[in-house]
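A short worksheet on the structure shown next.
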Amino acid sequence: MSSSLRYLLLVALPILLSINGTRTFCGHPCPFQWISFGDHCYLLVLQRLTWADAETYCKQLPTQRYGTAHLVWINSLEEQQFVEATLHEAVSSFWLGLNDIEEKGAFVWTGTSGSPGFTQWRPGYSSSHNNYTVCATSYRARWYATNCRLCNHFVCKVDNIRS
529 MSSSLRYLLL VALPILLSIN GTRTFCGHPC PFQWISFGDH CYLLVLQRLT
579 WADAETYCKQ LPTQRYGTAH LVWINSLEEQ QFVEATLHEA VSSFWLGLND
629 IEEKGAFVWT GTSGSPGFTQ WRPGYSSSHN NYTVCATSYR ARWYATNCRL
679 CNHFVCKVDN IRS
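Residue numbering for the sequence shown follows the numbering used here, starting at 529 and increasing by one per position.
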């Protein structure tokens, strides 16, 4: 076996395989297969999981170069429209990183623990009508409080390398 082939099999190939989840292409600020918008990267996951399992899935993605991924947090109407437009043909609803797990009725974004400055709650929504902890889903560009133990599609989000 030639030395260059041996090098490829023993050294280069394992390195390439280990960084597959975090590789970028020239000029693309996001991990492979993620979509860029503004200062963030988004990954649609078609698998249906509970809210907690979806958040765990996002946090375990190989995004070391970018920081830890979390369920999507939405900061503006433009971002909501981007996410909805990107996903509209694939799924009708998906988990948001918004929940009231720590304090009923006090919604915060996972990963940032910040309260939402922008919201798209469905008209007439009231967090006080639920007798259980809820997590937010987005359906047709409106947010709904849903039982966290139900299964839904989800979107992971992480900062891009330019932010």
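All C-beta atoms, glycine included, are put in the ideal place defined by N, C-alpha and C.
Just so we're clear, the structure is a prediction, and the values are computed from it rather than from any experiment.
Does the stretch 641-653 come close enough to the stretch 670-677 to have 3 or more Cβ pairs within less than 8 Å?
In short, these stretches touch, since the Cβ pair count reaches three.
Taking 8 Å as the threshold, find out whether the stretch 584-596 comes into contact with the stretch 606-620 through three or more Cβ pairs.
Too few Cβ pairs lie closer than 8 Å, so no.
Could you check whether T638 and L599 sit closer than 8 Å to each other, using their CB atoms as the reference points?
Cβ atoms of L599 and T638: closer than 8 Å.
Here's a check: name, in chain order, each residue in its chain whose Cβ is nearer than 6 Å to the Cβ of S603, leaving out the five neighbours to either side.
Reading off the sequence shown, one finds Asn at residue 603, where the question assumed Ser. Within the same chain, N603 has close Cβ partners F646.
Have a look at E607 and C569 and give me their C-alpha separation to the nearest angstrom.
Their Cα atoms are separated by approximately 11 Å.
Between which two residues does the beta strand (DSSP E) harbouring T674 extend?
Counting along the chain, the beta strand (DSSP E) containing T674 begins and ends at 670-675.
So V662 and A597 are supposed to be a Cβ contact under 8 Å. How far apart are they, rounded?
The pair is not a contact, with the Cβ atoms about 22 Å apart (cut-off 8 Å).
Inspect the beta-carbon positions of W601 and T665 and report whether they are closer than 8 Å.
No, the Cβ-Cβ distance between W601 and T665 is not below 8 Å.
Taking the CB atoms as reference points, tell me whether V683 and L605 lie closer together than 8 Å.
Not a contact, by the Cβ cut-off of 8 Å.
Is DSSP giving Y585 helix, strand or coil here?
If DSSP states are grouped into helix, strand and coil, Y585 belongs with the helices.
Taking DSSP's pairing of strands, which residues face A526 in a bridge?
Residue 526 is absent from the model: the chain starts at 529 and stops at 691.
Can you tell me whether A582 is buried or exposed, with buried defined as 16 or more other CB within 10 angstroms of its CB?
Buried is the call here.
Please tell me whether C676 and L577 are closer than 8 Å, where the distance is taken between their beta carbons.
Against a cut-off of 8 Å, the Cβ pair of L577 and C676 comes out as no contact.
Pull up the distance between the alpha-carbon of Q561 and that of T674, whole angstroms please.
Rounded to the nearest angstrom, the two C-alpha atoms are 29 Å apart.
Using the C-alpha atoms, what's the distance from F565 back to N688?
If I take the Cα positions, the gap works out to 9 Å.
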